[in-house]
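Residue numbers (the numbering used here): 617 to 1145.
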């Protein structure tokens, strides 16, 4: 039952579903990077630093956050803080080789109605990489990871009703009782791309500053503890409310869903699932000298993460940096504080194991931390069930791709005007006849490319779909059509060099027999001044 809410929200997933395909791409990419790193081992040092960004995030459930004890949230910056924990990897001969940053912020840059799948972090990481490396250094690896970001948003201007323009209800973030009309506004409102760029720029500048000023060198051994836990059977020892020595036992419930009794859909779910399976949650802290990384399988809120870090930090005798690595191993949805759960905002309503879920995580992570300190081993715990062969899908797969008679895949449907000239800040739009992107995720490649002409006939890459200025949109003229279009929009950055450019699209088509073949197409050349 635990994986079901995630599956239904993504219309389930199977081998033809974009969610599982994307998951496989992530796994393959991580594996490939591990192999490349292993084959390029060098001795080096790791330096740690820590900082805060006060203008790049806001709490998206402030009424729940403020329900925490006033003495607790008064210690922090009103919930508007974005923590940044960078680690610099340096080689004594070759210089900086990598950096990893934990960001306390949700990676949602666009409204759900926009139809765009965009994240700012790729562009940020790329800027950090390009800023910090030089031509005579080896490959520089940069990662922006997420920590306890469950209730943090980049919509720092607040949330407003789309029909009236007035602020949404403070306690529920609704407009006349409906959450569909309530949307956040970023610093570049109404331009979502500009909001993404502004927030990314602020994070980049802080990350670069912390990287360059990191002086604390990590030392000591590397150790870890890992266990699987069945939260449906877990007993949590809680202190008496308000303090004191009296203790009580609380058995966590398996889930907390708002189910309508008699709903035939949930009866179907019950009949399909039959016997409830073990809800196993993988948890493991890693001790790297003065740094402790908590691999948590869910989305901790800001305050929930603080409490977990404080509890684990207290286990270690020496000063340590405790970092939460969010969304690791599996997914157990949200984890809020007891007080936030009471408010039943989105995060609280999505906390599966009732109000004491956080207490359970704190209890078990402190046990693992204690095991590291004392050098004892821990039990592996119950193995989680493998449900991949039981997954179903409500999404159709790609049957085939086609184009109109006389048109080839990659042909330009809407081109730039002949001999056109654009200035910096303009938007160039080109539409291609395309195929479904699911056919090939273009791992290590790109769907869209802006190329600069060098010499008489040499086109070199200038921007790709990793850049925030380049947007790739895919659409069908109708739901049942096998034809499709790829729209590529390039917002010309102010830093763009003058010259001749063109837009190129890469794709993969699926024929009626199911085989995949690749294609490419380019727009006419145009001038940027």
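Where a beta carbon is used, it is the ideal one built from N, C-alpha and C, also for glycine.
- Short of 7 Å from the beta carbon of residue 905, and not among the five residues preceding or following it, lie these beta carbons of its own chain, in chain order: 834, 835, 836.
- Residue 1132 is bridged by DSSP to 1126.
- Residue 832 is bridged by DSSP to 664.
- Around the CB of residue 1122, 16 or more other CB atoms lie within 10 Å, so the residue is classed as buried.
- Residue range 1100 to 1107 is occupied by the beta strand (DSSP E) that includes residue 1100.
- Per DSSP, the continuous alpha helix (DSSP H) segment holding residue 931 begins and ends at 918 to 931.
- Taking residue 815 as the centre and dropping the five residues before and after it, the same chain places the C-beta of 672, 770 closer than 6 Å to its C-beta, in chain order.
- Secondary structure of residue 844 (DSSP, three-state): strand.
- Counting every other CB atom within 10 Å of its CB across the protein chains shown gives residue 813 a total of 16 or more, marking it as buried.
- Distances from the CA of residue 959 to each of 1112, 1029, 787 were compared; the closest alpha carbon is that of 787.
- Judged by DSSP in its simplified three-state form, residue 1142 adopts strand.
- Between residue 996 and residue 1069, the beta carbon gap of about 59 Å keeps them out of contact (Cβ cut-off 8 Å).
- With respect to the 7 Å criterion, residue 1101 and residue 1091 are classified as neighbours on the basis of their beta carbons.
- The residue from 1040, 1031, 940 with its alpha-carbon nearest to that of residue 912 is 940.
- The three-state secondary structure of residue 994, taken from DSSP, is coil.
- Counting along the chain, the unbroken beta strand (DSSP E) around residue 907 starts and ends at 907 to 911.
- Setting aside the 5 residues that flank it on each side, residue 1025 is surrounded in the same chain by 1017, 1019, 1049, 1050, 1051, 1123, 1125, 1135, 1137, each with a C-beta closer than 8 Å to its C-beta; the list follows chain order.
- Going by beta carbons, residue 927 and residue 986 fall outside the 7 Å limit.
- Taken through DSSP and simplified to helix, strand or coil, residue 1012 comes out as coil.
- Following the DSSP letters along the chain, one finds residue 1077 inside the beta strand (DSSP E) bounded by residues 1074 to 1080.
- Spatial neighbours of residue 805 in its own chain (CB-CB distance under 8 Å, excluding positions within 5 residues in sequence) are listed in chain order as 773, 811.
- Looking at the backbone, the Cα of residue 777 and that of residue 763 are separated by about 30 Å.
- Taken atom to atom, the span from the alpha-carbon of residue 784 to that of residue 775 is near 6 Å.
- DSSP, read as helix, strand or coil, puts residue 1007 in coil.
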